[in-house]
Amino acid sequence: MSTAITRIGCLVICGALSSQAYGQYEVDADKPVWLRALLDVRLVHAGPAPSWTDRGPGKTRYGGSVTDSGFQRATRFVLSQLALEVGANLPWDIRAQAQVNVQPDIADNYRPWLIEAILRREWGDADQGWGLQAGVMNTPFSLENTGPAWTPEFTISAAALNSWLWEDISVAGAEGEWWHTSRSGLRLGALVGAGYGGDQMGRLLALRGWAMGDTLGGINGDLALPARQERTDIFNERDQRPALYTWLTLGDEHDIASLKFGFMDNRGNQNEAGIWHTHFSTVGLVLHPHPRIDVLVQYLDGVAKVHAPPNDSSMSAAYVLLSHHHQGQRLSIRYETFRVHDLDGGPASTSEHGNAVTASYLVQMGLRHRIAFEYIWMNSHRLINGPLNPTPDGWQMSYRFRY
Amino acid sequence: MYRHNYLCIALLAAAALILVRPAVAEPSIAGAVTSTDGKSVADAVVFVLAPAPTAASHGASPIVDQIDKTFVPGLLPVVVGTWVHFPNHDQIHHHVYSFSPAKTFELPLYKGEDAPPVLFDKVGVVKLGCNIHDWMSGIILVLPTPYFTVTDHDGRFVLRDLPAGTYTVSAWHALSKLKPEEAAQSVQVSAQATQVAFSLPLSAARPRRAMHGSRVEP
Numbered sequence: 001m002s003t004a005i006t007r008i009g010c011l012v013i014c015g016a017l018s019s020q021a022y023g024q025y026e027v028d029a030d031k032p033v034w035l036r037a038l039l040d041v042r043l044v045h046a047g048p049a050p051s052w053t054d055r056g057p058g059k060t061r062y063g064g065s066v067t068d069s070g071f072q073r074a075t076r077f078v079l080s081q082l083a084l085e086v087g088a089n090l091p092w093d094i095r096a097q098a099q100v101n102v103q104p105d106i107a108d109n110y111r112p113w114l115i116e117a118i119l120r121r122e123w124g125d126a127d128q129g130w131g132l133q134a135g136v137m138n139t140p141f142s143l144e145n146t147g148p149a150w151t152p153e154f155t156i157s158a159a160a161l162n163s164w165l166w167e168d169i170s171v172a173g174a175e176g177e178w179w180h181t182s183r184s185g186l187r188l189g190a191l192v193g194a195g196y197g198g199d200q201m202g203r204l205l206a207l208r209g210w211a212m213g214d215t216l217g218g219i220n221g222d223l224a225l226p227a228r229q230e231r232t233d234i235f236n237e238r239d240q241r242p243a244l245y246t247w248l249t250l251g252d253e254h255d256i257a258s259l260k261f262g263f264m265d266n267r268g269n270q271n272e273a274g275i276w277h278t279h280f281s282t283v284g285l286v287l288h289p290h291p292r293i294d295v296l297v298q299y300l301d302g303v304a305k306v307h308a309p310p311n312d313s314s315m316s317a318a319y320v321l322l323s324h325h326h327q328g329q330r331l332s333i334r335y336e337t338f339r340v341h342d343l344d345g346g347p348a349s350t351s352e353h354g355n356a357v358t359a360s361y362l363v364q365m366g367l368r369h370r371i372a373f374e375y376i377w378m379n380s381h382r383l384i385n386g387p388l389n390p391t392p393d394g395w396q397m398s399y400r401f402r403y
Numbered sequence: 404m405y406r407h408n409y410l411c412i413a414l415l416a417a418a419a420l421i422l423v424r425p426a427v428a429e430p431s432i433a434g435a436v437t438s439t440d441g442k443s444v445a446d447a448v449v450f451v452l453a454p455a456p457t458a459a460s461h462g463a464s465p466i467v468d469q470i471d472k473t474f475v476p477g478l479l480p481v482v483v484g485t486w487v488h489f490p491n492h493d494q495i496h497h498h499v500y501s502f503s504p505a506k507t508f509e510l511p512l513y514k515g516e517d518a519p520p521v522l523f524d525k526v527g528v529v530k531l532g533c534n535i536h537d538w539m540s541g542i543i544l545v546l547p548t549p550y551f552t553v554t555d556h557d558g559r560f561v562l563r564d565l566p567a568g569t570y571t572v573s574a575w576h577a578l579s580k581l582k583p584e585e586a587a588q589s590v591q592v593s594a595q596a597t598q599v600a601f602s603l604p605l606s607a608a609r610p611r612r613a614m615h616g617s618r619v620e621p
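Same order as they appear, the protein sequences are chains A and B.
Residue numbers for the first sequence, in the working numbering: 1 to 403.
Residue numbers for the second sequence, in the working numbering: 404 to 621.
Below, the structure written as structure tokens:
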């Protein structure tokens with residue numbers, strides 16, 4: 001017994017010593033496989049209307065509760081997101097990466113959703129080159145979802161425009177991209193992609209309208225619909241016609257300003273029941289007038305149609321975001337406006353209009369920790385809700401751990 | 404008379420040119436670094452391992468910039484006790500860090516010139532990374548001596564201004580399988596430049612490829 005303890009003691013001491021005795025001039029090799037994680041927990045004080053995720057009329061990710069006398073505000077502590085990312089360097093300079101997310105309130109359970117699983121290969125450098133990517137992915141249109149694990153970078157909740165892009169679209173396909181910097185310093189980029197799985201795209205907007213949050217749609221996920229027991233699939237392919245999309249960028253060599261244009265058409269076959277045909281365009285402008293200031297402006301306009309029932313809708317949304325960043329702290333304010341217009345006048349109108357203001361303050365503490373506060377004021381009128389339109393404001397505090 | 408004046412002016416100008424001519428550093432050790440299979444090795448650092456002679460500080464702090472999501476330069480040798488600046492000239496944020504035993508530090512999300520300089524006060528390799536862009540990688544090699552140089556594309560180097568004497572000179576490369584002590588050579592420095600050749604066995608590299616394109620742009 002004592003011999004065993006002595007051996008264990010020696011091993012512990014040797015291990016401790018060896019960890020101290022590093023090679024002074026040695027370079028740690030890049031690991032061919034890497035794992036990262038993101039945990040986000042929140043204290044939320046939301047408006048009275050239950051959230052759309054609870055089949056209520058609320059337009060934010062977290063809402064109030066139902067009582068005998070109606071709706072009331074609720075304060076709750078929630079697990080907002082657990083994301084796991086794995087990446088690998090494969091032969092032939094191919095990069096593989098995948099991400100799964102647990103979002104209990106969105107999924108209604110703890111089942112992980114596959115957000116992304118891609119293989120990517122690039123040729124060239126930052127000035128000029130091209131790349132190919134294939135797998136399960138979202139579209140590249142969001143100007144806000146550029147943070148770790150595709151979270152919004154500037155606020156806790158993305159604008160309604162980008163919230164919808166990330167919650168409702170997940171395709172399995174491939175895309176090619178080309179970028180080039182001209183002699184005069186213009187940076188050009190063109191991306192073209194095709195993917196299956198978008199046959200229900202647009203249904204959420206027509207039946208629910210615009211909402212704000214930070215949901216990431218997964219290929220194996222589905223989303224709640226207000227006042228309905230059924231859920232809508234994020235990935236749904238019925239007509240075997242791939243969606244097509246493109247993303248064009250034009251900017252200066254210092255990235256002071258860049259203009260972006262995107263278009264997507266899911267090419268849904270209207271001769272088949274239950275398939276939505278949705279197409280939209282988006283234009284965005286990113287400005288960096290000062291190293292500490294980011295300005296984002298984005299507009300989206302599109303149409304979602306379905307053979308039956310009569311829920312054809314046009315939709316549009318726009319936002320402007322101003323963000324100031326200094327030494328790990330970020331203060332952002334965003335104004336947005338959104339609209340859905342019922343095109344075919346069915347008994348259950350899909351029309352709505354609204355606007356919102358979001359203010360957020362994020363503090364990054366070291367490599368691992370972030371604390372954030374966000375206040376949302378939203379004014380939304382959805383015709384079908386009658387007097388039950390969501391109440392206008394709520395706040396949330398987020399603690400995020402990044403591994 | 405005029406001719407005499409012109410002559411005086413010409414002589415004075417020549418004297419002034421000689422007096423203000425900047426001092427040209429004299430080569431002390433020159434040579435090349437190759438791999439064991441005979442290929443030229445660029446970006447190898449040749450330096451005096453011992454003794455560690457001191458030299459006047461160059462004054463200005465060196466920088467490791469961030470341009471197009473790349474550390475520039477990717478390799479920066481410095482003498483111990485040097486402050487290094489880390490400006491970020493991308494329009495996106497970087498979060499520079501190092502977990503290396505020779506220097507553990509981080510510069511939280513920033514752009515422009517906001518980050519304070521970092522003091523490298525311990526000899527060794529400091530591997531740099533970005534918490535946002537996992538493929539970004541750089542090295543600061545902190546050396547015990549100011550007498551170092553980096554090989555060019557052809558693997559050639561020149562070490563200048565070493566006082567006469569006997570030195571242990573070594574070559575380091577990020578992929579070298581040899582420790583500097585194992586690659587070291589004793590070199591006698593005199594008035595004439597001494598020729599030295601290093602041969603390093605290198606391991607195969609498969610660094611993480613940089614990501615470009617619109618998906619990683621803001």
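Where is the CB? At the ideal position from N, CA and C, for every residue including glycine.
Mind checking whether residue i and residue j have CB atoms under 7 angstroms apart?
i              : j              : result
residue 180(A) : residue 188(A) : yes
residue 156(A) : residue 352(A) : no
residue 511(B) : residue 328(A) : yes
residue 171(A) : residue 202(A) : no
residue 158(A) : residue 214(A) : yes
residue 313(A) : residue 342(A) : yes
residue 394(A) : residue 371(A) : no
residue 133(A) : residue 175(A) : yes
residue 173(A) : residue 160(A) : no
residue 432(B) : residue 597(B) : yes
residue 221(A) : residue 113(A) : yes
residue 71(A)  : residue 332(A) : no
residue 558(B) : residue 545(B) : no
residue 269(A) : residue 239(A) : yes
residue 211(A) : residue 304(A) : no
residue 569(B) : residue 560(B) : no
residue 296(A) : residue 143(A) : yes
residue 89(A)  : residue 611(B) : yes
residue 301(A) : residue 494(B) : no
residue 308(A) : residue 336(A) : no
residue 50(A)  : residue 56(A)  : yes
residue 499(B) : residue 489(B) : yes
residue 208(A) : residue 52(A)  : yes
residue 330(A) : residue 362(A) : yes
residue 572(B) : residue 451(B) : yes
With a cut-off of 8 angstroms on the beta carbons, I'd call residue i and residue j a contact; round off their distance for me.
i              : j              : result
residue 199(A) : residue 115(A) : In fact, because the Cβ distance is near 19 angstroms, the residues do not count as touching under 8 angstroms.
residue 449(B) : residue 554(B) : 7 angstroms
residue 603(B) : residue 438(B) : 6 angstroms
residue 93(A)  : residue 530(B) : That pair is no contact at about 21 angstroms.
residue 177(A) : residue 223(A) : That pair is no contact at about 29 angstroms.
residue 23(A)  : residue 580(B) : Their Cβ separation, rounded to whole angstroms, is 11 angstroms, which puts residue 23(A) and residue 580(B) out of contact at 8 angstroms.
residue 515(B) : residue 121(A) : Not confirmed; about 33 angstroms, so no contact.
Could you please give me the residues that DSSP links to residue i through a beta bridge?
i              : result
residue 72(A)  : 65(A)
residue 298(A) : 284(A) and 319(A)
residue 509(B) : 500(B)
residue 293(A) : 290(A) and 324(A)
residue 488(B) : 466(B)
residue 436(B) : 601(B)
residue 188(A) : 180(A) and 250(A)
residue 29(A)  : In DSSP, residue 29(A) forms no bridge with anything.
Does at least one heavy atom of the ligand NAD sit under 6 angstroms from the Cβ of residue i?
i              : result
residue 542(B) : The ligand NAD is not part of this structure, which contains no ligands at all.
Using a Cβ-Cβ cutoff of 8 angstroms, what residues of the region 227-254 of chain A are near chain B? List them in chain order.
Result list: 247, 249 and 254.
Segments of 3+ residues assigned as beta strand (DSSP E) that fall wholly inside the region 84-170 of chain A:
Whole beta strand (DSSP E) segments, 3+ residues: 94-102, 113-124 and 128-137.
Residues, ordered as in the chain, of the region 504-515 of chain B that lie near chain A by beta-carbon distance below 8 angstroms:
Hits within the stretch, in order: 504, 505, 509, 511, 512, 513, 514 and 515.
If contact means a Cβ-Cβ distance below 9 angstroms, which residues of the region 117-129 of chain A contact chain B?
Those residues of the region 117-129 of chain A that come within reach of chain B (Cβ to Cβ, closer than 9 angstroms) are 120, 121, 122, 124, 125, 126, 127 and 129.
Quick check for students: name the residue ranges of the beta strand (DSSP E) that lie wholly in the region 338-376 of chain A, counting only runs of 3 or more.
If we require 3 residues or more, the beta strand (DSSP E) runs fully inside the region 338-376 of chain A come out as 352-365.
Just by C-beta distance, which residues in the region 593-614 of chain B are closer than 9 angstroms to chain A?
Here the close residues are 606, 608, 609, 610, 611, 612, 613 and 614.
With a floor of 3 residues, list each beta strand (DSSP E) that falls wholly inside the region 578-619 of chain B, ordered by position along the chain.
Within the region 578-619 of chain B, the complete beta strand (DSSP E) runs of at least 3 residues are 588-592 and 597-603.
Could you list the residues in the region 552-585 of chain B with a C-beta less than 7 angstroms from some C-beta on chain A, going in chain order?
Within the region 552-585 of chain B, the qualifying residues are 575, 577, 582 and 583.
Chain B contacts from the region 85-113 of chain A (Cβ-Cβ distance under 8 angstroms):
Correct list: 87, 89, 93 and 95.
What are the start and end residues of each continuous alpha helix (DSSP H) run of 4 or more residues lying completely inside the region 199-262 of chain A, in chain order?
As far as the region 199-262 of chain A is concerned, its whole alpha helix (DSSP H) runs of at least 4 residues are 203-208.
Taking a Cβ distance cut-off of 9 angstroms, strictly less, list which residues of the region 286-303 of chain A are near chain B, in chain order.
Taking 9 angstroms as the Cβ-Cβ cut-off against chain B, the residues of the region 286-303 of chain A that qualify are 286, 288, 290, 291, 292, 294 and 296.
Residues of the region 34-61 of chain A in Cβ contact with chain B at a cutoff of 7 angstroms, in chain order, please.
Listed in chain order, the positions of the region 34-61 of chain A with a beta carbon within less than 7 angstroms of a beta carbon of chain B are 34.
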